[in-house]
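Participant:
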Amino acid sequence: MVSPVDEPRPPRPRRTQGERRASSRAIILAAALEELYENGYAHSTTVTVQRRAGVSRGRLLHHFPSRESLLIAAAQYLVVEQIADMEQWVPASEYGRTAGPGRCDRAVELLWDTFAQPYFWASMELWAAARTNTDIRNELFPAERRMGVALTHVVATMFGPVLSSHSDFDECRELLFTSMRGVALTYAIHPRDHRTDPHLASWKRLARRMLDVPDEDPAGGTDG
Numbered sequence: 001m002v003s004p005v006d007e008p009r010p011p012r013p014r015r016t017q018g019e020r021r022a023s024s025r026a027i028i029l030a031a032a033l034e035e036l037y038e039n040g041y042a043h044s045t046t047v048t049v050q051r052r053a054g055v056s057r058g059r060l061l062h063h064f065p066s067r068e069s070l071l072i073a074a075a076q077y078l079v080v081e082q083i084a085d086m087e088q089w090v091p092a093s094e095y096g097r098t099a100g101p102g103r104c105d106r107a108v109e110l111l112w113d114t115f116a117q118p119y120f121w122a123s124m125e126l127w128a129a130a131r132t133n134t135d136i137r138n139e140l141f142p143a144e145r146r147m148g149v150a151l152t153h154v155v156a157t158m159f160g161p162v163l164s165s166h167s168d169f170d171e172c173r174e175l176l177f178t179s180m181r182g183v184a185l186t187y188a189i190h191p192r193d194h195r196t197d198p199h200l201a202s203w204k205r206l207a208r209r210m211l212d213v214p215d216e217d218p219a220g221g222t223d224g
């Protein structure tokens, strides 16, 4: 009798040309984002990206004939990666529909965490390049708008249905975004543990005050 271990396995289905092409493109774009994060826009070239991606020169140029087309595509890919990452933030919130300080504080912490991720710095490299590069700016602007729509939905999920329905929620969210982005940029010249940033406590107080969060969680426990 043939054991399950000895049974021949069916051959792995061969990937189509389109699947191989899509895989190569994703590998190249991921390498481009890593280059932007680690070495900055000025030092991210088709040669450095090709080397990091481990693909041939011809393969890279087939997908992206120029540095500009590569980095513009990276800007679009960045949006997809950010959205995919954010969708994992709150797969199943421990707070359900509650609206206490625990829920509010945790949402602020999660939001601040995103400004310490590599894709934030890759994005900032592209923002800086967009100031003087019209092609990148024209591609980045609509990509950022799409990102904004997705981010609005995810942040509302993080805060929960009660807090996100508050009349001042949109204003609170935008204040947190702009303040966090500004503080995060200081880490470019003063790297440190973002989790110990003194602004974090201020952002939590701001969110609680603007959203009329009670002093205690519904279960009766005090904050902290």
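Residue numbering for the sequence shown follows UniProt numbering, starting at 1 and increasing by one per position. Ideal Cβ positions, reconstructed from N, Cα and C, are used throughout, including at glycine. Values in this document were obtained by computation on a predicted structure and should not be read as measured data.
Is the beta carbon of Ile28 closer than 8 Å to that of Val55?
Facilitator: yes
Participant: If you draw a straight line from the alpha carbon of Glu216 to that of Thr186, how long is it in whole angstroms?
Facilitator: The alpha-carbon atoms of Glu216 and Thr186 are separated by roughly 34 Å.
Participant: As an exercise, report each continuous alpha helix (DSSP H) stretch of at least 4 residues that is fully enclosed by the region 127-196, in chain order.
Facilitator: 134-164 and 169-185
Participant: What's the C-alpha gap between Met147 and Gln82?
Facilitator: 8 Å
Participant: In chain order, what are the residue ranges of uninterrupted alpha helix (DSSP H) at least 4 long that sit wholly in the region 21-106?
Facilitator: As far as the region 21-106 is concerned, its whole alpha helix (DSSP H) runs of at least 4 residues are 46-53, 57-63 and 67-86.
Participant: Can the beta-carbon of Gly40 be found less than 8 Å from the beta-carbon of Glu144?
Facilitator: no
Participant: In chain order, what residues of the same chain lie with their CB nearer than 8 Å to the CB of Phe120, ignoring the 5 residues before and after it?
Facilitator: Closer than 8 Å at the Cβ level, and outside the excluded window around Phe120, lie Thr114 and Ala184.
Participant: CA-CA distance, Ser179 and Gly58?
Facilitator: 44 Å
Participant: May I ask you to verify whether the region 69-77 touches the region 133-142, counting CB pairs closer than 8 Å and requiring at least 3?
Facilitator: Here the region 69-77 makes contact with the region 133-142; the two share three or more CB pairs at distances below 8 Å.
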